[in-house]
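For what it's worth, our numbering labels the leading residue of the sequence shown as 241, then goes sequentially.
Quick reminder that beta carbons are idealized off the backbone N, C-alpha and C, glycines included.
The structure under discussion appears below in the form of structure tokens.
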Amino acid sequence: MTDRTAVSSADTSRLSPLHDIHVEAGASFTDFAGWQMPVRYSSELEEHHAVRTAAGLFDLSHMAEIIVAGPEAGAALDFALSNRVSATAVGQAKYSLLLSAEGGIVDDVIVYRTHENRFGIVANAGNRAAAAGALSARASGFDTTVVDESDSLALIAVQGPAALRVLQDLAGLELDLPLGELRYYRSTVAQWAGNEVLLARTGYTGEDGFELYVVNAVAPRLWRELIEAGAPHGLVPAGLACRDTLRLEAGMPLYGHELGLDVRPAEAGLGRVVTLDGSKGDFVGREALEAAEQTPDALGRVLVGLRSEGRRAGRAGYAVLDGDRVVGEVTSGALSPTLGHPIAMAFVEAGSAQPGTELAIDVRGKAMPASVTELPFYRRPKPGAPNPDTAKPDTPSRNTATGDAS
241 MTDRTAVSSA DTSRLSPLHD IHVEAGASFT DFAGWQMPVR YSSELEEHHA
291 VRTAAGLFDL SHMAEIIVAG PEAGAALDFA LSNRVSATAV GQAKYSLLLS
341 AEGGIVDDVI VYRTHENRFG IVANAGNRAA AAGALSARAS GFDTTVVDES
391 DSLALIAVQG PAALRVLQDL AGLELDLPLG ELRYYRSTVA QWAGNEVLLA
441 RTGYTGEDGF ELYVVNAVAP RLWRELIEAG APHGLVPAGL ACRDTLRLEA
491 GMPLYGHELG LDVRPAEAGL GRVVTLDGSK GDFVGREALE AAEQTPDALG
541 RVLVGLRSEG RRAGRAGYAV LDGDRVVGEV TSGALSPTLG HPIAMAFVEA
591 GSAQPGTELA IDVRGKAMPA SVTELPFYRR PKPGAPNPDT AKPDTPSRNT
641 ATGDAS
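Here's what the structure looks like:
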């Protein structure tokens, strides 16, 4: 077993505690945020379809895990983050934003309230130092401690319509309620083979799924037994490449693409993640956001979905045109494996953001027609529904190998 804190002999990249297993499985690797992570095992197309139709198993051990604990942990996070974390019940998860004093997005995070005075914060790999540093600084005036536990924890995700059945067939998993009753964006501290597991019904694919946090030493055995339990259900190991097309279809933002220090929450469609009413006191970034709301161009640009025909997809950085005029820029784009046509997310001028507006993407000098469409592009089917475009996934989350961040 390779220790997660080790580095590869070829470079200074860090290795997941599951690295040896990925090598055995024939994975291709990419350097991401200082980690050597599996980008694909077979093909990203096969892995993408497996997650949409059955289940995929992801190693996300590069993600940052930061523990905030103490009598005033909830109050500290209310000040540090954009919404009322203190109102989250034990066992609930909340999507939140770590903002700069200027109102830009330092990172997007998932907050798990595991105990009354203990919260787990999952931050993006590329933002680990910034997130841990900001949380420590902002909690300094409160009776709480902030500990970066990223080096001791592994994260394994089971995603797809068969995810529940896979975990139900995992021998040795014990929790205090039937697994099927664990609702979306809920978590529980479970036991597996005598080891503690934080089990959460969360993910970054637009499908049903679970994320399992365990200490490094437990991860290899857990991975192998999940592969065994999942085989009858069509589960396959999946890399970060398909995770990007999955999250794009689900309209979930990626830090460094749709999110960044130069992006305000409302521009990215995340105004709902910011509490500006009287139910929440001061927090870092509040003054700047309130001031921005008073400016004439408070929402000068908007994040939208763009749908095209054909096979050529717009990519990050491509210009969005309204006639001969540049009105925006693509942030992410791909040929959708599920839908069979190009899709993209882009920031465009507010006047060009209405669904149905006909625009174009400059694809290597050729204007490719694109229609503004509401996000997400793909909606998870409700149980028993034949149409795969029927149920909207909930909250966005995490980073992939194609951008700096889930």
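C-alpha of F587 to C-alpha of L510: approximately 13 Å in a straight line. Shortest Cα-Cα distance from E421 to any of T578, A440, G434 involves A440. Ranked by how close their Cα comes to the Cα of K520, the residues Y453, G314, G310 have G314 in first place. A straight-line Cα-Cα distance of about 16 Å links A341 and A316.
Straight-line measurement puts the Cα of L297 at about 11 Å from the Cα of A469. For R358, the closest C-alpha among the options R368, I306, A607, P401 is that of I306. Under the three-state reduction of DSSP, H355 is assigned to strand. Beta-bridge partners of L475 (DSSP): A295. Only exposed fits L501, as fewer than 16 other CB atoms lie within 10 angstroms of its CB.
For S611, the enclosing beta strand (DSSP E) stretches over residues 606 to 613. Straight across, the Cα-Cα distance linking V524 with S322 is about 8 Å. Within the same chain, Cβ atoms closer than 6 Å to the Cβ of V387 are found at I307, the five residues on either side in sequence being excluded. For G545, the enclosing beta strand (DSSP E) stretches over residues 541 to 547.
In this structure the region 434 to 452 does not lie against the region 267 to 282, because fewer than three pairs of beta carbons, one per stretch, are closer than 8 Å. With 16 or more other Cβ atoms inside 10 Å of its own Cβ, H259 counts as buried. Membership of L462 in the alpha helix (DSSP H) is indicated by the continuous run 459 to 470. Taken through DSSP and simplified to helix, strand or coil, D416 comes out as coil. Where A430 is concerned, there is no enclosing alpha helix (DSSP H), although the beta strand (DSSP E) around it starts and stops at 427 to 432. When secondary structure is reduced to three states using DSSP, V513 falls in the helix class. Under the three-state reduction of DSSP output, T485 falls in the helix class. Residue range 526 to 533 is occupied by the alpha helix (DSSP H) that includes A528. If only complete runs of 4 or more residues are kept, the region 331 to 403 shows the alpha helix (DSSP H) at 368 to 378, in order along the chain.
In the three-state reduction of the DSSP assignment, Q408 falls in the helix class. Here G400 has V291, A294, A295, G296, E447 as same chain residues with Cβ atoms under 6 Å from its own Cβ, once five neighbours each way along the sequence are excluded. Excluding residues up to 5 positions away in sequence, A553, G554, R555, A584 lie with their Cβ nearer than 6 Å to the Cβ of G573 in the same chain. In the structure shown, F319 falls within a helical segment according to DSSP collapsed to helix, strand and coil. Here the region 392 to 407 does not lie against the region 366 to 380, with fewer than 3 beta-carbon pairs under 8 Å apart.
The shortest CA-to-CA distance from R423 to any of P472, L404, S592 is the one to L404. V560 is the residue among A532, V560, Q534 whose C-alpha sits nearest the C-alpha of R604. Within the same chain, and ignoring the five residues on either side of Q276 in sequence, the residues whose Cβ sits closer than 6 Å to its Cβ are S248, S253, L255, F269. Distance from the CA atom of Y281 to the CA atom of H302, rounded to whole angstroms, is 18 Å. Ranked by how close their Cα comes to the Cα of E465, the residues E451, L419, A371, D409 have D409 in first place. Distances from the alpha-carbon of N456 to those of A481, P278, D299 put D299 closest. If you draw a straight line from the Cα of P311 to the Cα of Y495, it is about 31 Å long.
Contact between S336 and V513 holds: CB atoms are separated by about 6 Å, below the 8 Å threshold.
CA-CA distance, V612 to I261, rounds to 43 Å.
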